[in-house]
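Student:
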Amino acid sequence: MLILQSIGAATERLAHAFGLYPLMMAKVLARMRKPPWFFALIIRQCEKVGVQSLPVALLTAVFTGMVMALQSWVAFHRFGAESMIATVVSLSILRELGPVLVGLMVAGRVGASFAAELGTMRVSEQIDALWTLSTDPVRYLVMPRLIAVIVMMPLLVVLADAVGMFGGYVISVHVLDQNPHTYLRNSFEYLQLIDFYSGLLKAAVFGFIIGLVSCAEGYYCAGGAAGVGQATTRAVVISAMSILIADYILTAWIFQ
Amino acid sequence: MSDHSLFGPTQIAPNCEKTVKQGGDAAKPFDDQTAPKISLRNVHKSFKGRKVLDNISMEIMPGESHIVIGLSGAGKSVLIKCILGLLRPDSGTILINDEDWFDMSIEERLRRMPCIGVLFQGAALFDSMCVWENVAFVLLQQSMPRADARKQAEQMLEMVGLPDIGDKMPAELSGGMKKRVGLARAICHRPEIIFYDEPLAGLDPVMSDVITILLKRLHETMNVTSLTIAHNMKLVQAFSDQVSMLYEGKIYAQISAQELQETKDPLIRQFVEGRAEGPIRFGFESDMSGQPGANDKEEVI
């Protein structure tokens, strides 16, 4: 009986959580057609999401590229195919590691910030106050954040791709004694434009997921400080899980 | 600078749209001083099967200061949130300036919002903005030049006794200062109707007196209609034309402040005198009841 109750409660929580996202999406879509757009707020959020996430994203990317080069060398050295390291590193970073790792980092940094900020505004009646001050909270708070994270994620991924590939180059050339010209040639020779574009598409989708989940969790937050904490945790966990699931779906769709 | 100079004829809220009677002459602005500013008819609201508002009907006339009193959990804040459109009632009608805002689109409701000012219980100042930006929020959203908006915000801050704090952040203010900044924000765009949600909650007696005087002065100067949620009897006496007492989700009494003091109704007397003993029971017996043997644990509220 206790197990059934637990399953029932978990299902109810899940339905509640996933009901929020379509609801928030519907509110955003309903407001897309007409101004005001709050461009100044979009720019400010772009700075928060993009510029302030840059160190985390680039650091993640450079070490991922370095580790990829080392791990690939271990595998390819066993059958004398070390020249393929460059191709594997660049393909992995552009198609998978760049967008996914940056997505997870941004989910942790920006998603948590969105949920905590909006959640605190909700429980301290600041969102109610916005409404009474003739300002639509969805337009003022949610849309700039959602647009900013959708726009900035691909830009972050482009920089992370470049830095990740550079990390692989540094390790391959300076630690594993690969020829720099051969490495650079192999890095780009087998690449196709779709490898690059698919990463950007994934980045934009992940940005949408992070923005929607974390804004919805914060916006519909209830229950005081504890509620804000729970909303923040849910925003990060659900964003991260959704990114991994969406990554598989997008990969299967793009490269089928 | 006198208060009158602040509220002279040149300082009219730019977008305080005069609303139009539904079903009447569309060209005629709503300026009927005999019609209620706020009207509630048979309003019901429940949460998870618990009736919080049960058939509430009331009218607030232009220029009236109406105070709603009642125990914590009686439904006062839900009532104010329903009127403001933050909660949708399960049934019943709420009219502001003779219009049902729930029948309108979001854009239409937002266009009418400048007619309303709200002082929230915790002030609800925006943490990310400095004090003057908080006060001038509506003006800035209406694209008023920042210098002009700041000037007007500073005037409002001066009026609530807080000059020279415009550049401070809300986190640097005390509770009483936040309340006064919240008050300045509520009146900065010259609303027709002001809602005060427990304006004295969490304040010391001196600051409570300061806020009470401010509210009274503002009411007299601006001649606005106001609806206040309050527990403080001193505020009720100083500030109210009409008092509604909410009890168990219903309006138990609707009387003047004078009648409130003179009534012999035991329930109202218990609330007014702030006694634990009386018809309202809390699931325990007070040590002051003089009946230590009593064992009635029935929880009424």
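Residue numbers (the working numbering), protein chains in the order written: chain A, 634 to 889; chain B, 5 to 305. Idealized CB from N, CA, C, for every residue including glycine.
(1) Where are the beta strand (DSSP E) runs, 3 residues long or more, that stay fully inside the stretch 149-229 of chain B, in chain order?
(2) Can you name the start and end residues of the alpha helix (DSSP H) that Lys41 of chain B belongs to?
(3) Provide the residue span of the beta strand (DSSP E) that contains Ala257 of chain B, from first to last.
(4) Going by beta carbon distance, what residues of the same chain come within less than 6 Å of Leu219 of chain B, once the five residues before and after it are set aside?
(5) Taking the C-alpha atoms as reference points, what is the distance between Ser767 of chain A and Lys667 of chain A?
(6) Is any beta-carbon of chain B found at less than 8 Å from that of Gln822 of chain A?
(7) Sort A:Glu822, A:Asp769, A:Glu750 and A:Arg664 by Cα distance to Arg116 of chain B and report the nearest one.
(8) Scan the stretch 53-88 of chain B and note each continuous alpha helix (DSSP H) run of 4 residues or more that stays entirely inside, going in chain order.
(9) Hey, could you find the ends of the alpha helix (DSSP H) Leu845 of chain A is sitting in?
(10) Please work out which residues of its chain come closer than 7 Å, Cβ to Cβ, to Leu239 of chain B, disregarding the five sequence neighbours upstream and downstream, and give them in chain order.
(11) For His807 of chain A, does the three-state DSSP call read helix, strand or coil?
(12) Against chain A, does Pro167 of chain B count as a neighbour if the rule is that its beta carbon must be under 8 Å from one of theirs?
(13) Is Pro149 of chain B near the ligand PLP, judged by its Cβ being under 7 Å from some heavy atom?
(14) Report buried or exposed for Ala31 of chain B, applying the criterion of at least 16 other Cβ atoms within 10 angstroms of its Cβ.
(15) On the DSSP bridge assignment, give the partners of Gln246 of chain B in chain order.
(16) Does the distance from the C-beta atom of Leu271 of chain B to that of Val247 of chain B stay below 8 Å?
(17) Is it the case that the stretch 686-700 of chain A contacts the stretch 790-805 of chain A, given that we only count it when at least three CB pairs across the two stretches are under 8 Å?
(18) So that I know if they touch, is there some Cβ in chain B lying closer than 8 Å to that of Ala849 of chain A?
(19) Using the rule of at least 16 other Cβ atoms within 10 Å of the residue's Cβ for burial, across every protein chain shown, is Asn227 of chain B buried or exposed?
(20) Pairing CB atoms from the stretch 740-760 of chain A with CB atoms from the stretch 60-75 of chain B, are three or more of them under 8 Å?
(21) Counting pairs of beta carbons, one from the stretch 41-49 of chain B and one from the stretch 92-103 of chain B, are three or more of them closer than 8 Å?
(22) What ranges does the beta strand (DSSP E) occupy inside the stretch 94-131 of chain B, keeping only unbroken runs of at least 3 residues that lie completely in it?
(23) Using the C-alpha atoms, what's the distance from Ile878 of chain A back to Ala836 of chain A?
(24) Shorter than 8 Å from the beta carbon of Gln274 of chain B to some beta carbon of chain A?
(25) Counting contacts by CB-CB distance shorter than 8 Å, is Ala128 of chain B in contact with chain A?
(26) Between the Cα of Thr232 of chain B and those of B:Asp269, B:Trp136 and B:Gly121, spot the shortest distance and give me the residue it belongs to.
(27) Can you name the residues of chain A whose CB is closer than 8 Å to the CB of Phe124 of chain B?
(28) Taking C-alpha atoms, which residue in B:Ser81, B:Lys155 and B:Leu166 lies nearest to Lys183 of chain B?
(29) How should Phe320 of chain B be labelled, buried or exposed, when 16 other C-beta atoms within 10 angstroms of its C-beta is the threshold for buried?
(30) Tell me which residues of the stretch 763-797 of chain A have at least one Cβ-Cβ distance to chain B shorter than 7 Å, keeping chain order.
(31) Could you list which residues in chain A have their beta carbon closer than 9 Å to that of Met117 of chain B, in chain order?
(32) Mapping the DSSP letters down to three states, classify His235 of chain B as helix, strand or coil.
Tutor: According to the structure shown:
(1) Complete beta strand (DSSP E) runs here, min 3: 197-201.
(2) Premise fails: Lys41 of chain B is in no alpha helix (DSSP H) and is neither H nor E.
(3) That run of the beta strand (DSSP E) goes Lys254 to Ile259.
(4) Phe243
(5) 16 Å
(6) The question names Gln, but residue 822 of chain A is Glu in the sequence shown. Chain B, which has no Cβ nearer than 8 Å to the Cβ of Glu822 of chain A, makes this no.
(7) A:Asp769
(8) 80-88
(9) Leu826 to Tyr852
(10) Leu204 and Thr216
(11) helix
(12) No, because no Cβ of chain A sits closer than 8 Å to the Cβ of Pro167 of chain B.
(13) Within the structure as shown, the ligand PLP is missing, as the structure has no ligands at all.
(14) Confidence at Ala31 of chain B is low in this model, with a pLDDT of 35, below 50, so its placement is unreliable and the value that follows should be read with caution. Flag for Ala31 of chain B reads exposed.
(15) Answer is B:His70, bridged to Gln246 of chain B.
(16) For Leu271 of chain B and Val247 of chain B, no; Cβs fall outside 8 Å.
(17) yes
(18) no
(19) exposed
(20) no
(21) yes
(22) Listed in chain order, they are 95-100 and 120-123.
(23) 14 Å
(24) no
(25) By this cut-off, Ala128 of chain B is an interface position.
(26) B:Gly121
(27) Residues of chain A with a Cβ closer than 8 Å to the Cβ of Phe124 of chain B are, in chain order, Glu758, Asp761 and Ala762.
(28) Checking every option, the nearest Cα to that of Lys183 of chain B belongs to B:Leu166.
(29) Outside the shown range of chain B, which is 5 to 305, sits residue 320 of chain B, and nothing can be said about it.
(30) Trp764, Thr765, Leu766, Ser767, Thr768 and Asp769
(31) Trp764, Thr765, Leu766, Ser767 and Thr768
(32) coil
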